[in-house]
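Going by the numbering used here, the sequence shown opens with residue -12, and the numbers climb by one from there.
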Amino acid sequence: KQLLGEFKKAGVEPKRFVREFRLDADLPDGAINLSVTQFQAGDYVDVIGRSKGKGFQGVMKKHNFHGQGAAHGSKTHRRIGAVGNRSTPGRIWKNQGMPGHLGDERVTVQNLQVMQVRETEKVILISGAVPGANGSYVVIRPAIKKPAAAAAAAAKSEAAKKPEPAKKPEATTKPEAAKKSDATTEAEAAKK
């Protein structure tokens, strides 16, 4: 309800899932129509979503700590153990793994490959680990760390079209001139 005025001003039907993203050109609001046709099979994409929430978890599940002894009277099998060192430093080190809430955070999985694009069904098939639960919304963007497949193919075809640079002609001597120079060196050697 809060965004109805913004949708009306932009002249766009209200949408359930709204995301802002940066564009290269100055375009009026609502001028861009996003569709699955922006991607093709073979493109690399980054997929952004919210990971599955797992609630409050201990350090063994959250940070892969190996736990403590299971025998000899130990009662702290899955607990964190000591986290500091007496009066020096008298505090807990930064980035010390602690129990706490796990999951339900923004996750970006990079360099996933688009396997197929179905325009009629408005579906993109992506190979790899897409973050989030089934039915959750994700943002798909062109991969930052890999060029698009089309751009790579275009660059390859450009390179194939370019003619090879002309080679410098090698210095050649006529066979007769070479013979004369050999004869003169022999004559000079005989004089000495």
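Idealized CB from N, CA, C, for every residue including glycine.
Just so it is clear, the structure is predicted and the values come from calculations on it, not from any experiment.
DSSP-derived helix/strand/coil call for residue i
i, result
"G24", "Contrary to the premise, residue 24 reads as Thr rather than Gly in this sequence. The answer is helix: DSSP assigns T24 an H, G or I state."
"F180", "Any question about residue 180 goes unanswered here, given that the chain covers just -12 to 179."
"V5", "coil"
"A57", "coil"
"A142", "helix"
"A147", "helix"
Start and end residues, beta strand (DSSP E) containing residue i
i, result
"A87", "Checking the sequence shown, residue 87 turns out to be Gly, not Ala. Note, G87: beta strand (DSSP E), G87 to L89."
"V32", "Y31 to R37"
Spatial neighbours of residue i in its chain, beta-carbon cut-off 8 Å, leaving aside the 5 residues before and after
i, result
"F(-6)", "E0, P1 and K2"
"G71", "G77, R78, I79 and W80"
"K109", "S22 and V23"
"H53", "M47"
"I131", "D33 and Q97"
Proximal residues to residue i (C-beta, below 6 Å), its chain only, five neighbours per side dropped
i, result
"M85", "none"
"K133", "Y31 and N98"
"K41", "L89 and G90"
"Q83", "V70"
Cut-off 7 Å between Cβ atoms - residues of its own chain near residue i, not counting five sequence neighbours on either side
i, result
"A28", "V101, M102, Q103 and V104"
"G68", "Q55"
"A114", "The sequence as given places Ser at residue 114; Ala does not occur at that position. The residues are L99, Q100 and M102."
"G45", "R65 and P86"
Residues that DSSP places opposite residue i in a beta bridge
i, result
"I127", "V34"
"L112", "Q103"
"G42", "L89"
"T63", "Answer by DSSP bridge pairing: none, since T63 is not bridged."
"T95", "I35"
Unbroken alpha helix (DSSP H) run spanning residue i, endpoints
i, result
"V46", "V46 to H50"
**OP:** Give a yes or no on contact between the stretch 50 to 58 and the stretch 109 to 125, applying the rule of three or more CB pairs nearer than 8 Å.
**Re:** no
**OP:** State whether the stretch 80 to 100 contacts the stretch 20 to 27, with contact taken as three or more CB pairs (one from each stretch) at a distance under 8 Å.
**Re:** no
Subject >> Inter-stretch contact (C-beta, 8 Å, three-pair minimum) for the stretch 123 to 135 and the stretch 35 to 51 >> reply: yes
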